[in-house]
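*Asks:* Taken in sequence, the protein lines are chains G and S.
Just add 16 to the spot in the first sequence (first one is 1) and you have this note's numbering.
Just add 16 to the spot in the second sequence (first one is 1) and you have this note's numbering.
Built from N, CA and C at the ideal position, the CB exists for glycine as well.
Have a look at this one.
Protein chains: 2
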Amino acid sequence: MSPTPEPVLDSYKRAAIIGGGVIGVSWAGLFLARGIKVVVNDPRGDIEDLVLAGLAEIAPTLDALGLPTENLAAGLTFEADLATAVSDVDIVQENGPERLELKQRIWQTVERNAPAHALLATSTSSIPATAIAEAMRQPERLIVGHPFNPPHLVPLVEIVPGERTSEATVHQAKAFYAALGKKPQVLRKEVPGFVANRLQSAIFRECVHLVAEGVVTEQELDDIVTSSIGMRWAVGGPFRTFHLGGGPGGLPHFIEHLGRAMESGMWPVLGNPTFDDATVAELTDQAADAFGGSSVAELAAERDRAQIALMRALGETPGAVAGQA
Amino acid sequence: MSPTPEPVLDSYKRAAIIGGGVIGVSWAGLFLARGIKVVVNDPRGDIEDLVLAGLAEIAPTLDALGLPTENLAAGLTFEADLATAVSDVDIVQENGPERLELKQRIWQTVERNAPAHALLATSTSSIPATAIAEAMRQPERLIVGHPFNPPHLVPLVEIVPGERTSEATVHQAKAFYAALGKKPQVLRKEVPGFVANRLQSAIFRECVHLVAEGVVTEQELDDIVTSSIGMRWAVGGPFRTFHLGGGPGGLPHFIEHLGRAMESGMWPVLGNPTFDDATVAELTDQAADAFGGSSVAELAAERDRAQIALMRALGETPGAVAGQA
């Protein structure tokens, strides 16, 4: 099923990571584990310590995914000057703050200084490539490569071409992320929030409503999700699930019966909560009750271990792909 | 973590399954595999053939879950007269059509003829126990035990007490489903669709919107879900996921930053699709493209195998619980 990654990655010897925050460090760790040298560009004075600490934190997960993690930092350098940082790389992955003007300035500098063959990708979750590229001379080169956090673990990368992004750039991006062991998905239109975050927003609105209304607690709602739709959607998405829910008649039968009942009986009564003071106080109190016993870092490590066990069970760890080649 | 199931199940020797459709057969298979004798009440003339065929179909899944499936049908009988069917059982699980008057009639007959100690549960996904019990002399005995389809595989059972359901009945139902190896969750209020189906409805509305708008195909959307939010929510629900997404500050920090951006920027622009002719035609065509290569039964078997691999990886197969006792 998966393409052999090495031939593609042979063309990616050096990467520039712009912005060494959580997303940037995660990309850096994955790139390094795949044998790509990384130069981090970030204006902060303590960026080296931050990135090294971040790498140490994610190394066990990379290791559990079957990726090599010895001397991970050997291929890592830092360069505070953006033009210099991108001057000799094959891929630029930008993870700067979500401010349009800032990203426009960054990308104007990058396109003037990066090699002509380099893949130019932004991790933005909210700004369309079309808008960022307005200030570029070669808008056809810029593409959104939006990871689902954290990029070194969760397979999805949403590839969102801008209006002027070239087909060649789309193909280049898709091949690169697939070679990294990710599951890239090219969107056919630019829409606010792309796809995964829109779906998260839709369900979370109802989650907040149900907790605010006192139907369930946060912990109870989470338990409901993990023991039903969560485990379903880990093995098949909503359309496949409802296709199978339609019996021999599949999705058309589902729509005709349960879909129409959903449209008339359920969609109109779904909640429209707001993050007013009372709701935020309730959500905060319940989060303390449900999750306050451990630090976020401990809970995240526990979650990631379970995540990897699940991915192994479904044959979806990237290390498995690399190991075959 | 899980209670030892045997002491509770010792009190459940015989069950009546009202309605031998897909849900009824699934409950019957699980009850039989747990050593509970089952009498099926269903007016259809060919009900014996239907139930036996259904049991044969789900036996491999029960087996893969670690449950005994030899001579599954040995404990199975059929009784077309409802009063007789429930006269000597410890649990009645009703899976009749979703029509209030019909369910009211059924439950009037059941309460007059079932033993006083029997647990009385309806699998309804849409009718509140309060409404069904209006016609009962002992409304405190009726409770919703709504499974997520199929009950023999997916752990969740939503327990929804009606306004007059007694606390004793709630406890009895929770202990029974837990002893079966399920993950029962008691809702604190009756709301239309309960919780899991409301959440499914909320996300599916946006799924239909994104496909109808041409942002992604059904197959692409499903791939996005399985490779991101699906695998996340299999190991931790939306609140835990966003608690961890908030970094050291947890959920309060998430709400203050990403939650408020969701409220102002995303919730207002989520889609409001309808199942008009063009949308249904598009969804039907895409389902044929995406899933038409195999029968629903083949796809379901494949899905269930993956589901069980996932549950094993997360240590959540009911057989594992039974095996420890």
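1. Going along the chain, which residues of its own chain have a beta-carbon closer than 7 Å to the beta-carbon of F192 of chain G, five neighbours each way excluded?
2. On the DSSP letters alone, give me the boundaries of the beta strand (DSSP E) that Q409 of chain S sits inside.
3. Does the beta carbon of E234 of chain S sit closer than 7 Å to a beta carbon anywhere in chain G?
4. Does the CB of I324 of chain S have a neighbour CB from chain G at under 7 Å?
5. Hey, quick one: how far does the beta strand (DSSP E) through N111 of chain G stretch, first residue to last?
6. Please determine whether the Cβ atom of M278 of chain S lies at a distance below 6 Å from any heavy atom of the ligand NAP.
7. By DSSP, does I52 of chain S sit in helix, in strand, or in coil?
8. Mapping DSSP to helix, strand and coil, what is M327 of chain S?
9. Using CA coordinates, which residue listed in G:A49, G:V56, G:F47 is at the minimum distance from G37 of chain G?
10. Tell me, please, whether the CB atom of W123 of chain S is closer than 7 Å to any CB atom in chain G?
11. In chain S, what lies closer than 7 Å to Q216 of chain G by C-beta?
12. Please say whether P177 of chain G and I148 of chain G have beta carbons closer to each other than 7 Å?
13. Please identify the residue among S:E236, S:L260, S:V224, S:H259 whose C-alpha is closest to the C-alpha of A294 of chain S.
14. Return helix, strand or coil for I143 of chain G, following the three-state DSSP convention.
15. State yes or no: is the beta carbon of I219 of chain S nearer than 7 Å to at least one beta carbon in chain G?
16. Determine, using beta carbons only, whether S139 of chain G and M282 of chain S come nearer to each other than 7 Å.
17. Looking only at its own chain, which residues have a Cβ that is under 8 Å from the Cβ of A103 of chain G, when we skip the five neighbours before and after it?
18. Counting pairs of Cβ atoms below 8 Å between the segment 313-330 of chain S and the segment 242-250 of chain G, do you hit three or more?
19. Using a Cβ-Cβ cut-off of 7 Å, state whether V251 of chain S counts as contacting chain G.
20. Can you check which of these residues, S:R30, S:A212, S:H133, is closest to P171 of chain S by C-alpha distance?
21. Using a Cβ cut-off of 7 Å (strictly closer), state whether T300 of chain S contacts chain G.
22. Please classify E183 of chain G as buried or exposed, where buried requires at least 16 neighbouring CB atoms within 10 angstroms.
23. Can you give me the C-alpha to C-alpha distance between Q340 of chain S and V54 of chain S, rounded to a whole angstrom?
24. Am I right that G112 of chain G and I219 of chain G are in contact with their C-beta atoms under 8 Å? What's the rounded C-beta distance?
25. On the criterion of 16 or more Cβ atoms from any shown chain inside 10 Å, does D58 of chain S qualify as buried, or is it exposed?
26. Leaving aside the five residues before and after Q201 of chain S along the sequence, list all residues of the same chain whose C-beta is less than 8 Å from its C-beta, in chain order.
27. To the nearest angstrom, how far is the alpha carbon of G275 of chain S from that of S280 of chain G?
28. Taking only beta-carbon atoms, is V160 of chain G less than 7 Å away from chain S?
29. Quick check on DSSP: helix, strand or coil for E179 of chain G?
30. Which residues in the same chain have their Cβ closer than 7 Å to the Cβ of E332 of chain G, if we skip the five residues on either side of it in sequence?
31. Leaving out five residues before and five after G70 of chain G in sequence, what residues of the same chain have Cβ atoms less than 6 Å from its Cβ?
32. Can you find the residues in the same chain that come closer than 8 Å, C-beta to C-beta, to R180 of chain G, ignoring five residues on each side of it along the sequence?
33. I'd like to know whether the C-beta atoms of R133 of chain G and L46 of chain G end up nearer to each other than 7 Å.
34. Taking beta-carbon pairs under 8 Å, can you tell me which members of the segment 167-193 of chain G lie near chain S?
35. Taking H259 of chain S as part of the alpha helix (DSSP H), name the residues at either end of that continuous run.
*Replies:* So, to answer that:
1. V24, Y28, I107, L135
2. Nothing can be reported for residue 409 of chain S, as the shown portion of chain S is limited to 17 through 341.
3. True, the Cβ-Cβ gap to chain G drops below 7 Å.
4. no
5. Counted as a single uninterrupted DSSP element, the stretch harbouring N111 of chain G is not any beta strand (DSSP E), since DSSP gives it neither H nor E.
6. The ligand NAP is not part of this structure, which contains no ligands at all.
7. Of the three classes helix, strand and coil, the one that applies to I52 of chain S here is coil, per DSSP.
8. Helix at M327 of chain S.
9. G:V56
10. no
11. I245
12. no
13. S:V224
14. Correct three-state label for I143 of chain G: coil.
15. Yes, its Cβ sits closer than 7 Å to a Cβ of chain G.
16. Taking 7 Å as the Cβ cut-off, S139 of chain G and M282 of chain S do not qualify as a contacting pair.
17. Inspection of the sequence shows that residue 103 of chain G is occupied by Ser rather than by Ala. Taken in chain order, the residues that qualify are N129, A130, P131.
18. yes
19. yes
20. Checked all of S:R30, S:A212, S:H133; the closest Cα to P171 of chain S is S:A212.
21. By the rule that beta-carbons nearer than 7 Å mark a contact, T300 of chain S touches chain G.
22. Residue burial is scored here from C-beta neighbours: E183 of chain G has fewer than 16 other C-beta atoms within 10 angstroms and is therefore classed as exposed.
23. Low local confidence applies: a pLDDT of 35 at Q340 of chain S is under 50, so the model's placement there is unreliable, with the coordinate-based value given in what follows. C-alpha separation (whole angstroms): 25 Å.
24. With a Cβ gap of about 29 Å, G112 of chain G and I219 of chain G do not count as contacting.
25. Residue burial annotation: D58 of chain S is buried, with at least 16 other C-beta atoms found within 10 angstroms of its C-beta.
26. L172, V173, E174, I175, V211
27. 28 Å
28. no
29. coil
30. P171
31. V41
32. The beta carbon of R180 of chain G sits closer than 8 Å to those of T146, A149, P155, E156, all from its chain and outside the five residues before and after it, given in chain order.
33. At residue 133 of chain G the sequence reads His, which differs from the Arg that was named. No. Outside cutoff.
34. V170, P171, L172, E174
35. 254-261
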